[in-house]
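The structure appears right after this line, and notes come after that.
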Amino acid sequence: MKLASKRTLAKVTAVAMAAGMLAACGGTGSSGSTAGEGATNEGASGEAAASGDAVVVEVWSNNRHDETYMTQMIEEFNASHTDIQIEYTIMTDDWANSIQMAFQANTAPDVITIAASDGMTLSDYVNGGMFESLSSYIAEDEEFQTVTEAYDHMYEGLNSIGDDIYWVANGVRSGTRIEYNPDLLSAAGYDSVPTTLSELVEAGKAVTEAGGGSTYGFGFTSSGPFGRWLEGVGTMSGCTYRGYDYTTGTYDFSSWKPLIEQAQQIFKDQSQLPGSETQGVDNSRALFAQGAFAIWGNASQEAGVFTDQFPCSFEWGVAELPTLNGEVTGALECTPNFGFTMLTNSDCKDQAWEVIKYFSSEDFMKGYLEGGYTLPLSSYMSGKIDPSKTGRLADFALKDYEDVYPTPPAVTVDGDDYGITIWNAILGNATADECIEDLNTRYNDALERALQNGSTQRVIIEDYDPAHPSAGTITYSAE
Amino acid sequence: MKDSVPAKSTGHIKTRDGLTIGLMMFPAVLMLLVCSVYPFLWVFRYICYDYNGMTAYFTGARNFVRLFEDTAFWASVGHTFEYAALKLVFILPLALVMAVLMQQKIMGSGIFRVIYFMPTIISSAIAALVFSFIFAAYNGVLNAVLRATGIIKQNINWLGDPSFAMWAVLILAIWGGFGNYMIYFMSGLSSVPGDVYESAMIDGSSGLHTFIHITLPMLSPMLKTILMLAITTAFKDYESIMVLTTGGPNNRTMVMFLYIYRLLFGSNQNNPSIGYACVLSIVAAVIVGIVTGIYLLLARKLDDVM
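Protein chains in written order, with our numbering: chain A, 12 to 490; chain B, 10 to 315.
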């Protein structure tokens, strides 16, 4: 009897364990489950909300800086709509991979935020069947067209492919600028930021010498140091965008040689804050705000950073980037942002479009732009806002020479990408010639590989003008 | 007839026991299949594809050709061997010495045990973040201490100078790992009978002599296991390196699993290359397997000699 009881107990335990395991493995994930570090979602996509028959549209964002405004406006939307409710989740880490994995697991939201700086190659997502074309919705909505100027801001390969528009930018991040400490520059005998790179390098050296080991000329970071501002100096000087020559449809980094050599001088002079090239971006920002170095470079997001996140102990200045010879012969890249795209697995596409429309509406965007969260892209919205309300963001207003570059073919290179490789050369780990030969070889090899397997197409713009890169006519070639 | 009843009964019991055993094993087997076997097979699925996470393009044997032409990967393999060898050289003797010291009945040894073991339970990413402040060239604690004690006159760029970056990574690895091995050694030491030491003491054996001729030989079974764990762990380390140096400067601290990670997830300027990363994962597994196999072979031969 005792033995039988033990056996029964063992059997019950085993069945319970097996059942528990099956339940754990077999449970289907709700699309409304908590994601990332953001707010908790409770409903499932397209299901009726608890409040009634309202359809819940899930929106995921990788923007944290605008959380207060977004939360407030979404609450207003939800309060004024009985048919649609927005569930908003912020997840800032590993954005692109998170979206891909959620899509494959069928737990993706209906709408996601998207920006040119997210590095999500549009063609990959369209070929992968993830992004829904918004063209038919836009065509039927004149108000949306007016406010966003959607047809004036179609960037082939970036937010549109052919006639299909996949997302419309509501804002733009400026190209990079020099943020500087006027006190340190002044102490070294400079009243303004020089207009050529070589002069700027000299200025950094002078600041370092004047600092006597306590303050320095330049500060960098380990996080994308080349793209922060030196890359902008190159493209404004006519260097190939990401090394891609649009006229030949091949990669050619040779135009970058003078920039690499002049930038190497910074490290030969030891004008940089020691070790700043190994520090995280926020560490370097904090040191700039403390006055440890004079010259920092980054785009318009620094307006908020040095106002709220790391308030400077001095009146910081914003200057245009220098060029190699003082003349602007190419465009500075600006990046459209604050767009929304719909995912194909949404089962409430009409409602999702209503939500996208709301985020792009004049009332919504007026508050967003005047809150200083981004710069206006459409001239319509530029005319509707009061620039005096945007704070230091006004210092980053777009210049005539800023433009959106066409997207070069998506390739996967062996080893480091061009940003890391050029930066390594600037640090003195390779000569400019070695760096350029290495990049030309690896990038063209990768392009040929991608063309052979059909994962990309050669982008050719015969009438390409480096000063107006978005103006040319794009043709694609599979060969 | 008499014999047949118990036989039938035994068979019945065996069947019932088999069912119970099967049900009990089922969760573990299922977990093994889902979490270990399936991912392993998944790796093989994409070795002939260029897969960016959304679309897979068949490329035949090109990933294997790329493997042999990829100098950056083979450089990362070299760095992995260098890192693993240096880590083992420092961490195991240190852990053993500390374990012997902690075994002594001295005041406060319990507190030190906790302190030394604590890094093991701290997330390696957080530890690396803290060490990035310690190693900072401009205002880091390490440089400040070294300067204050007169050991250096100029700050060292620990993370930015290729001559020092590997040492910085190793310091973090040793700090983070030796407490764990110390506990392993301590459990081994506790199994050595006390009367052996008493005999040695009566015979007038010195501390060092006792350590070499009694402690080490009696620890050898445990030492073999610890060494194998240390070797495989050292070859697979990459998380803390990713946070501390991201493989830099100029790939000086790029180890093979960090290289594979970067291929798997790509970057803003470089698409993921999951198919090729799968090939490299297999190669990396083979490399670690070969090293472990060689070690086991040597350990067995050493047993025969001893």
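No residue lacks a Cβ here, since even glycine has one placed at the ideal position from N, Cα and C.
C-beta neighbour in chain B for residue i, strict 8 Å
{"i": "Glu87 of chain A", "result": "no"}
{"i": "Gly302 of chain A", "result": "no"}
{"i": "Ala305 of chain A", "result": "no"}
{"i": "Gln111 of chain A", "result": "yes"}
{"i": "Ala180 of chain A", "result": "no"}
{"i": "Asn309 of chain A", "result": "no"}
{"i": "Val204 of chain A", "result": "no"}
{"i": "Asn74 of chain A", "result": "no"}
{"i": "Met32 of chain A", "result": "The predicted position of Met32 of chain A is uncertain, since its pLDDT is 46 and thus under 50; a value taken from the coordinates is nonetheless stated next. With 8 Å as the cut-off, Met32 of chain A counts as an interface residue toward chain B."}
{"i": "Ser466 of chain A", "result": "yes"}
{"i": "Gly263 of chain A", "result": "Correcting the residue identity first, residue 263 of chain A is Asp in this sequence and not Gly. For Asp263 of chain A, the answer is no, since every Cβ of chain B falls outside 8 Å of its Cβ."}
{"i": "Thr423 of chain A", "result": "yes"}
{"i": "Asn435 of chain A", "result": "yes"}
{"i": "Gly426 of chain A", "result": "yes"}
{"i": "Asn108 of chain A", "result": "yes"}
Short CB-CB distance (under 8 Å) between residue i and chain A
{"i": "Phe121 of chain B", "result": "no"}
{"i": "Leu41 of chain B", "result": "no"}
{"i": "Gly197 of chain B", "result": "no"}
{"i": "Ala81 of chain B", "result": "yes"}
{"i": "Met265 of chain B", "result": "no"}
{"i": "Thr262 of chain B", "result": "no"}
{"i": "Thr242 of chain B", "result": "no"}
{"i": "Asn72 of chain B", "result": "no"}
{"i": "Asn189 of chain B", "result": "no"}
{"i": "Thr224 of chain B", "result": "no"}
{"i": "Tyr215 of chain B", "result": "Reading the sequence as shown, one finds Ser at residue 215 of chain B and not Tyr. So no, Ser215 of chain B is outside the interface."}
{"i": "Ser172 of chain B", "result": "no"}
Rounded C-alpha distance that separates residue i from residue j
{"i": "Ala60 of chain A", "j": "Ile97 of chain A", "result": "The pLDDT assigned to Ala60 of chain A is 46, lower than 50, so where the model puts this residue is not dependable; a value taken from the coordinates is nonetheless given after this. If I take the Cα positions, the gap works out to 10 Å."}
{"i": "Thr79 of chain A", "j": "Tyr177 of chain A", "result": "27 Å"}
{"i": "Tyr487 of chain A", "j": "Ile143 of chain B", "result": "51 Å"}
{"i": "Ala305 of chain A", "j": "Asp474 of chain A", "result": "40 Å"}
{"i": "Gln163 of chain B", "j": "Ala199 of chain A", "result": "24 Å"}
{"i": "Ile472 of chain A", "j": "Thr484 of chain A", "result": "6 Å"}
{"i": "Ser466 of chain A", "j": "Pro420 of chain A", "result": "9 Å"}
{"i": "Ala50 of chain A", "j": "Ala119 of chain A", "result": "Note that Ala50 of chain A has pLDDT 43, beneath the 50 cutoff, so the model's placement of it is unreliable and the number below is only indicative. Those two C-alpha atoms are separated by around 15 Å."}
{"i": "Ser290 of chain B", "j": "Ser324 of chain A", "result": "49 Å"}
{"i": "Ala286 of chain B", "j": "Tyr304 of chain B", "result": "27 Å"}
{"i": "Ser85 of chain B", "j": "Glu78 of chain B", "result": "13 Å"}
{"i": "Thr355 of chain A", "j": "Tyr136 of chain A", "result": "10 Å"}
{"i": "Tyr201 of chain A", "j": "Asp194 of chain A", "result": "9 Å"}
{"i": "Gly286 of chain A", "j": "Gly230 of chain A", "result": "9 Å"}
Cross-strand partners of residue i (DSSP beta bridge)
{"i": "Thr352 of chain A", "result": "A:Ile123"}
{"i": "Thr486 of chain A", "result": "A:Ile471"}
{"i": "Gly328 of chain A", "result": "A:Tyr191"}
{"i": "Asn279 of chain B", "result": "B:Ser276"}
Neighbourhood of residue i by C-beta, 6 Å cutoff - its chain only, sequence neighbours within 5 removed
{"i": "Met231 of chain B", "result": "Gly197"}
{"i": "Ala65 of chain B", "result": "Tyr58"}
{"i": "Gly284 of chain B", "result": "Tyr55, Tyr58, Asp59, Tyr60, Asn72"}
{"i": "Tyr148 of chain A", "result": "Trp364"}
{"i": "Ala177 of chain B", "result": "Phe144, Trp167, Leu168"}
{"i": "Arg403 of chain A", "result": "Ala314, Thr318"}
{"i": "Ala489 of chain A", "result": "Gln468"}
{"i": "Thr219 of chain A", "result": "Tyr227, Gly228, Ser282"}
Amino acids of chain C, ordered along the chain, whose beta-carbon sits closer than 7 Å to that of residue i
{"i": "Pro202 of chain B", "result": "No chain C appears in the structure shown, which is made up of the protein chains A and B."}
Same chain, Cβ closer than 8 Å to residue i, neighbours up to 5 away in sequence not counted
{"i": "Ala408 of chain A", "result": "Ser185, Leu386, Pro398"}
{"i": "Leu169 of chain A", "result": "Ala127, Leu133, Pro347, Val415, Pro417, Thr418"}
{"i": "Pro205 of chain A", "result": "Leu211, Glu213, Ala214, Pro333"}
{"i": "Ile172 of chain A", "result": "Leu133, Ser134, Val137"}
{"i": "Gln312 of chain A", "result": "His76, Arg184"}
Residues near residue i by beta carbon distance below 7 Å, same chain, minus five either side
{"i": "Thr89 of chain B", "result": "Phe244, Val264, Met265"}
{"i": "Thr241 of chain B", "result": "Val297, Thr301"}
{"i": "Met141 of chain A", "result": "Phe114, Leu354, Thr355"}
heavy atom of the ligand ATP below 7 Å from residue i C-beta
{"i": "Pro202 of chain B", "result": "Looking at this structure, you won't find the ligand ATP or any other ligand, since it has none at all."}
Name the residues in the region 128 to 161 of chain A whose C-beta lies less than 7 Å from a C-beta of chain B; which are they?
Gly130, Thr132, Asp135, Tyr136, Asn138, Gly139, Met141
Could you run through the region 266 to 297 of chain A and flag, in chain order, every residue whose CB is less than 8 Å away from some CB of chain B?
Leu284, Pro285, Gly286, Ser287, Glu288, Thr289, Gln290, Gly291, Asn294
When Cβ atoms are compared, which residues of the region 439 to 459 of chain A fall closer than 7 Å to chain B?
Asn440
With 8 Å as the limit, tell me which residues of the region 47 to 69 of chain B have their beta carbon closer than that to any beta carbon of chain A; keep them in chain order.
Asp59, Asn61, Gly62, Met63, Thr64, Tyr66, Phe67, Thr68
At a CB distance below 9 Å, what residues from the region 134 to 150 of chain B approach chain A? Give them in sequence order.
Leu138, Ser141, Phe142, Phe144, Ala145, Ala146, Tyr147, Asn148, Gly149
Listed in chain order, which residues of the region 157 to 169 of chain B have Cβ atoms closer than 7 Å to some Cβ of chain A?
Asn164, Asn166, Leu168, Gly169
If you measure beta-carbon to beta-carbon, which residues of the region 217 to 248 of chain A are closer than 7 Å to chain B?
Ser233
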